[in-house]
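Presented below is the structure to which this report refers.
In the working numbering, the protein residues as written are 1 to 263.
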């Protein structure tokens, strides 16, 4: 099961910051397989597009090599945050390469917005901020130095305006995605509360059954002790019929010294 967040008692500003539902190992593995598969699919798809369009150079092959490394890191790293961050960064680099091999077509920037929700489903701030930060840095740097690789020709005269426009859109999408974590957080909190209640009921039931079993065992021991005491009181009463010297009382019909009557 998912563990409780360490800052359950937070207040003030941090209480308003969404944190989402903490994924357990099974849920994380299921989502991570999907995001990793999407990232892996970028390599052959972008290679094919680059070859068809005759686009090469380090912006293509260098970034594809980086994506391959991030795929490996997303598999071999131990921590969930590290693995998710590696794959999330790789997805953003894949979107960057798509824009590059597409000749800077502005419409291809939609792929950034399509991949961000996939990263947001991890419900972890570190990979999410890594992805959003890469988009911001990439657009700012490429828009200033190589605007033709990220924007259509109509944006080359004033690339900073388009950088700012895309930054606003990314910021709005990131805000909405993070806000959606609030609903998942509330559902996760309710689920964990119900789980704790069920566990407490199971513990109480087990304790009641144990107390009942102990009570029955004590009653059985008391009954056995009383039966033993009653049996011990009967034996002296039978011995009271014997006279000194081993003779029985007359009502017994014979004594220890008289001959035994014939059968």
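Built from N, CA and C at the ideal position, the CB exists for glycine as well.
Residue 66 holds the alpha-carbon nearest to the alpha-carbon of residue 42 among 28, 20, 200 and 66. With contacts defined as CB atoms closer than 8 Å, residue 135 and residue 143 fail to qualify as a contacting pair. Take the alpha-carbon of residue 106 and the one of residue 73: they are about 31 Å apart.
Residue 131 has its alpha-carbon roughly 12 Å from the corresponding atom of residue 171. Between the alpha carbons of residue 223 and residue 210 lies a gap of roughly 20 Å. The C-alpha of residue 16 is placed about 20 Å away from the C-alpha of residue 192. Residue 60 sits away from residue 109, with the two beta carbons spaced by 8 Å or more. Around the beta-carbon of residue 114, fewer than 16 other beta-carbon atoms lie within 10 Å, marking it exposed. Contact check between the segment 45-53 and the segment 80-87: fewer than three CB pairs, one atom from each, fall below 8 Å, which does not count as touching.
In the three-state reduction of the DSSP assignment, residue 113 falls in the helix class, which pools H, G and I.
For residue 97, same chain residues with a beta-carbon under 6 Å away, outside a window of 5 residues either side, are 46 and 63 in chain order. Residue 119 is positioned such that its CB atom lies no closer than 8 Å to that of residue 139. Within the same chain, Cβ atoms closer than 6 Å to the Cβ of residue 188 are found at 21, the five residues on either side in sequence being excluded. Residue 92 sits buried, since 16 or more C-beta atoms from the chains shown fall within 10 Å of its C-beta. Under the three-state reduction of DSSP, residue 156 is assigned to coil, being neither helix nor strand. Take residue 71, set aside five residues on each side of it, and the residues of its chain with a beta-carbon closer than 7 Å to its own are 36, 39, 40 and 90, in chain order. With 16 or more other Cβ atoms inside 10 Å of its own Cβ, residue 112 counts as buried.
Shown here, residue 124 sits in coil according to DSSP, grouped into three states, outside any helix or strand.
If you draw a straight line from the Cα of residue 166 to the Cα of residue 183, it comes to about 27 Å. In this structure, the CA atom of residue 198 is about 32 Å from the CA atom of residue 177. Here the C-alpha atom of residue 103 lies approximately 17 Å from the C-alpha atom of residue 141. For residue 33 and residue 160, the gap between their C-alpha atoms comes out near 37 Å.
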